[in-house]
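**Q** Below you'll find the structure I mean.
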Amino acid sequence: MAAYEEEERAPVKIGDLNRYSRRVYTVVKVVSKTEPREVSSRIDRSTHRVAEALVGDETGSIYLTLWDDAIDQVEVGQTLSIRNAYVNLFRGSMRLALGRFGSFEVLEESPIEDVNLDNNLSSKRFEYWRSSDRGGDSFRDRRGRRGRRRY
Numbered sequence: 001m002a003a004y005e006e007e008e009r010a011p012v013k014i015g016d017l018n019r020y021s022r023r024v025y026t027v028v029k030v031v032s033k034t035e036p037r038e039v040s041s042r043i044d045r046s047t048h049r050v051a052e053a054l055v056g057d058e059t060g061s062i063y064l065t066l067w068d069d070a071i072d073q074v075e076v077g078q079t080l081s082i083r084n085a086y087v088n089l090f091r092g093s094m095r096l097a098l099g100r101f102g103s104f105e106v107l108e109e110s111p112i113e114d115v116n117l118d119n120n121l122s123s124k125r126f127e128y129w130r131s132s133d134r135g136g137d138s139f140r141d142r143r144g145r146r147g148r149r150r151y
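Just so we're aligned: the sequence shown equals residues 1 to 151 in the numbering used here.
Dropping the structure here:
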């Protein structure tokens, strides 16, 4: 018996995702795919290919980030079962990412008739907060003077 077994659960609808969603299991249909572009890794300077596929279901759509070999495995019109994905922000918009532990498989039968493109979660913009905007290491005392916490 494996140390960790994922319990069977119902797929999450795309419209129910938020920017903090983790361990996402969903079934989506591929609507479109961008041309791959080459990027270099900041860590080891190796070159990778990256592309985005617009995927969705009847509740909404979102961009799925595809890396290297996964780009060639995904085609427009396919239905994918995605496991252990997560949502991240790229340039202020939501993206569905597989990461190191995520996976997908192509389904033969498609339970999805139409994809709701009007509710594109990737078109919604989010702002990043800098720690200085939220107070970070500084605070204001009773007189309103800014100071630093001392530990």
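Note that the Cβ used here is the ideal one computed from N, Cα and C, for glycine as well. These numbers come from a predicted model, not from an experiment.
Using DSSP bridges, identify the partner residues of Ile82.
**A** According to DSSP, which records beta bridges pairwise, Ile82 is partnered with Thr26, Phe104.
**Q** Cβ atoms of Thr79 and Ala51: under 8 Å apart, would you say?
**A** no
**Q** If the criterion is Cβ atoms closer than 8 Å, does the pair Lys13 and Val55 meet it?
**A** no
**Q** Leaving out the 5 sequence neighbours to the left and right, which residues in its chain are closer than 6 Å to Asn231 when beta-carbon positions are compared?
**A** A query on residue 231 cannot be resolved here, the shown segment of the chain reaching from 1 to 151 and no further.
**Q** Leaving out five residues before and five after Thr26 in sequence, what residues of the same chain have Cβ atoms less than 6 Å from its Cβ?
**A** Pro11, Val12, Ile82
**Q** If you check the beta carbons only, do Asp68 and His48 fall under 8 Å apart?
**A** Yes, the Cβ-Cβ distance between Asp68 and His48 is below 8 Å.
**Q** Residues bridged to Ala97 by DSSP?
**A** Thr65, Tyr86
**Q** Let me know the secondary structure DSSP gives Ala10 once reduced to three states.
**A** Of the three classes helix, strand and coil, the one that applies to Ala10 here is coil, per DSSP.
**Q** Which of helix, strand or coil does DSSP assign to Asp57?
**A** strand
**Q** Compare the beta carbon distance of Val87 and Val24 with 8 Å and say whether it is the shorter of the two.
**A** yes
**Q** Determine the DSSP secondary structure at Ser122, reduced to helix, strand or coil.
**A** In the three-state reduction of the DSSP assignment, Ser122 falls in the helix class.
**Q** Rank Ser103, Glu108, Ser41, Arg95 by C-alpha distance to the C-alpha of Asn18 and give the top, closest one.
**A** Arg95
**Q** For Arg37, which residues in the same chain have their Cβ closer than 8 Å to its Cβ, ignoring the five residues on either side in sequence?
**A** Arg49, Val50, Ala51
**Q** Given a cut-off of 8 Å, decide if Leu117 and Val31 are closer than it, judged by their beta-carbon atoms.
**A** Yes. Within cutoff.
**Q** Cα separation between Gly92 and Val39?
**A** Taking the straight line from one Cα to the other gives about 19 Å.
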